[in-house]
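Protein chains in written order, with my numbering: chain W, 295 to 450; chain F, 295 to 450.
This report refers to the structure that appears directly beneath it.
Protein chains: 2
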Amino acid sequence: MFKAMPKENLYEFARQAIPCVGFNTRRATRLITQYYDKALAPADLRSTQYSLLSALSMTDEVTMQDLAFVLAMDRTTLTRNLSPLLKKGWIKVSVGGDRRARPIRITSKGKTVLENALPFWEKAQSHILDNLGDSKWDQIMKGLHKISMIVEENPL
Amino acid sequence: MFKAMPKENLYEFARQAIPCVGFNTRRATRLITQYYDKALAPADLRSTQYSLLSALSMTDEVTMQDLAFVLAMDRTTLTRNLSPLLKKGWIKVSVGGDRRARPIRITSKGKTVLENALPFWEKAQSHILDNLGDSKWDQIMKGLHKISMIVEENPL
DNA sequence: TAAAAATAAGTGTATATACACCCATTATGT
DNA sequence: ACATAATGGGTGTATATACACTTATTTTTA
Chain W
295 MFKAMPKENL YEFARQAIPC VGFNTRRATR LITQYYDKAL APADLRSTQY SLLSALSMTD
355 EVTMQDLAFV LAMDRTTLTR NLSPLLKKGW IKVSVGGDRR ARPIRITSKG KTVLENALPF
415 WEKAQSHILD NLGDSKWDQI MKGLHKISMI VEENPL
Chain F
295 MFKAMPKENL YEFARQAIPC VGFNTRRATR LITQYYDKAL APADLRSTQY SLLSALSMTD
355 EVTMQDLAFV LAMDRTTLTR NLSPLLKKGW IKVSVGGDRR ARPIRITSKG KTVLENALPF
415 WEKAQSHILD NLGDSKWDQI MKGLHKISMI VEENPL
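The structure is reproduced here in structure tokens:
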């Protein structure tokens, strides 16, 4: 059934056949993440790990909860996602003034890894933006933002 | 650092601070998938499982490879994702004329599950589309499609 | 036709994701 | 002050994701 269909039409087909907003965003995200994963492979980093280091590089210290909130990531997912970074010594987790809290900070080793990864990320990013156009990306981003607001503010 | 920031501004902040296309699409997709997961929970279905059943309901039989291609999902990921559906008897995997191939088909039990899930999916979907507007979604979808084409056709 | 290349799919491993439940610590109400 | 609420995090479990490697089968080629 699908085999005969030209590749260009498959997206249209999938979209018509499976109009689900969730499916279609997941589909695109899979492809995009695979792209960045491949781009970052020479720097020994996965997409998510790059994002985490990138976020941590912009603040001195941040607690699990706060970081999870900014990333719109479940708190427990963040714990798991940070674990490989911790193992590799790219981040440090300590104990806060509130002794329940676990402030996280990037290490100098982590900063070096991030700096080394930057050109690889840059290449992937500009590849996309050069072909898409900044204003188009801005438009998509605003749209995704809007959907995010809707799902966060309209509990079922 | 993040704690004081009002929620509305956090998206903007994250976007400015982490301009990565991959991060931002993943972030939105996490929220959206959580939303559909919650919506589909009463039907005992996850978002991905709903998509898979939905795709399978539109064809008589399809091989792993073909389905993986349509879904833009790694072939091995598909194998893993189908496994809970198989365990529950919602799909059937057989052996094709080409004895390497494994044609998949949805069972009548699977069809029933899908039908029961439909109103829950509908509610989540229309919640989003009613608040977003069909044309806006069309625009976003076209954008994501464009990015998908770019990353598929511009190997690094 | 037999050897080599290509193809369809599964497994081992590692990360990504989130819910339910648990523990430790802090804040609150009386 | 003490019992109770609330809060910050981690673990157990299950699914989602994909790469490297393997196996079985088909196709191609010398």
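Quick reminder that beta carbons are idealized off the backbone N, C-alpha and C, glycines included.
* Asked: Does DSSP classify W:VAL387 as helix, strand or coil?
  -> strand
* Asked: Applying a beta-carbon distance threshold of less than 7 Å, which residues of chain W neighbour F:LYS386?
  -> By Cβ distance, chain W contributes nothing, its closest Cβ being about 17 Å from F:LYS386, past 7 Å.
* Asked: Quick check: the segment 343-362 of chain W against the segment 393-402 of chain W, are there 3 or more CB pairs under 8 Å?
  -> A contact between stretches requires three or more CB pairs, one per stretch, nearer than 8 Å, and the segment 343-362 of chain W meets this requirement with the segment 393-402 of chain W.
* Asked: Would you say W:ARG320 reaches chain F, if we count a Cβ-Cβ gap shorter than 7 Å as a contact?
  -> yes
* Look at the alpha carbon of W:MET341 and the alpha carbon of W:ARG374, and state the distance between them as a whole number of angstroms. => First, the amino acid is wrong: residue 341 of chain W is Ser here, not Met. When the Cα atoms are used, W:SER341 and W:ARG374 turn out to be separated by approximately 15 Å.
* To do: Between the Cα of W:ARG321 and those of F:PRO449, F:GLU447, F:LEU450 and F:HIS439, spot the shortest distance and give me the residue it belongs to.
  => F:HIS439
* Is the Cβ of W:THR407 closer than 7 Å to any Cβ of chain F? -> Note on identity: in this sequence residue 407 of chain W is Val, with Thr being the wrong assignment. Chain F contact via Cβ: absent.
* **W:ILE400 in three-state terms, based on DSSP** => W:ILE400: strand per DSSP, three-state reduction.
* Looking at the C-beta of W:ASN410, does it have a partner C-beta in chain F at a distance below 7 Å? -> no
* Asked: Opposite F:VAL445 in the DSSP bridges: which residues?
  -> In the DSSP output, where bridge partners are listed per residue, F:VAL445 has none listed.
* **Opposing strand residues paired with W:VAL356 [DSSP bridges]** => W:ILE398
* Asked: If you compare alpha carbons, which of W:SER377, W:TRP415 and W:SER388 is closest to W:GLN328?
  -> Taking only the C-alpha atoms, the option nearest W:GLN328 is W:TRP415.
* Examine chain F for any beta-carbon lying closer than 7 Å to the beta-carbon of W:GLY316, and answer yes or no. => yes
* Which first and last residues belong to the alpha helix (DSSP H) in which F:LEU350 is found? -> 341-350
* Asked: Counting contacts by CB-CB distance shorter than 7 Å, is F:LEU438 in contact with chain W?
  -> The beta-carbon of F:LEU438 is placed less than 7 Å from the nearest beta-carbon of chain W.
* Quick one: Cα of F:LYS386 to Cα of F:LEU380, how far? -> 6 Å
* To do: Let me know the secondary structure DSSP gives F:MET367 once reduced to three states.
  => It is coil, neither helix nor strand.
* To do: Look at the alpha carbon of W:LEU365 and the alpha carbon of F:THR319, and state the distance between them as a whole number of angstroms.
  => In this structure, the CA atom of W:LEU365 is about 11 Å from the CA atom of F:THR319.
* Asked: If you measure from the beta carbon of W:ILE398 to each beta carbon in chain F, is any gap under 7 Å?
  -> Residue contact with chain F for W:ILE398: absent (no Cβ-Cβ distance below 7 Å to any residue of chain F).
* Can you list, in chain order, the residues of the segment 411-427 of chain F whose Cβ is nearer than 8 Å to any Cβ on chain W? -> Within the segment 411-427 of chain F, TRP415, LYS417, ALA418, GLN419, HIS421, ILE422, LEU423, ASN425 and LEU426 place their CB atoms closer than 8 Å to a CB of chain W, listed in sequence order.
* Anyone know if the C-beta pair for W:ALA337 and W:ALA411 falls short of 7 Å? -> yes
* Asked: Name the chain F residues that come within less than 9 Å of W:LYS332, Cβ to Cβ?
  -> PRO449 and LEU450
* Whole angstroms is fine: what's the gap from F:MET435's alpha carbon to W:SER351's? => 32 Å
* To do: Find the residues of chain F that neighbour W:VAL389, judging by a C-beta separation of less than 8 Å, and give them in chain order.
  => None at all; the shortest Cβ gap to chain F is about 18 Å.
* **7 Å CB neighbourhood of W:LYS403 in its chain, flanking five on each side removed** => GLY383 and TRP384
* To do: Name, going along the chain, the residues of the segment 331-350 of chain W whose beta-carbon falls closer than 8 Å to a beta-carbon of chain F.
  => Correct list: LYS332, ALA333, SER341, THR342, TYR344, SER345, SER348 and ALA349.
* Asked: Is there at least one Cβ from chain F nearer than 7 Å to W:SER429's Cβ?
  -> no
* Asked: Where W:LYS254 and F:THR371 are concerned, what is the direct C-alpha to C-alpha distance, given to the nearest angstrom?
  -> Residue 254 of chain W is absent from the model: chain W starts at 295 and stops at 450.
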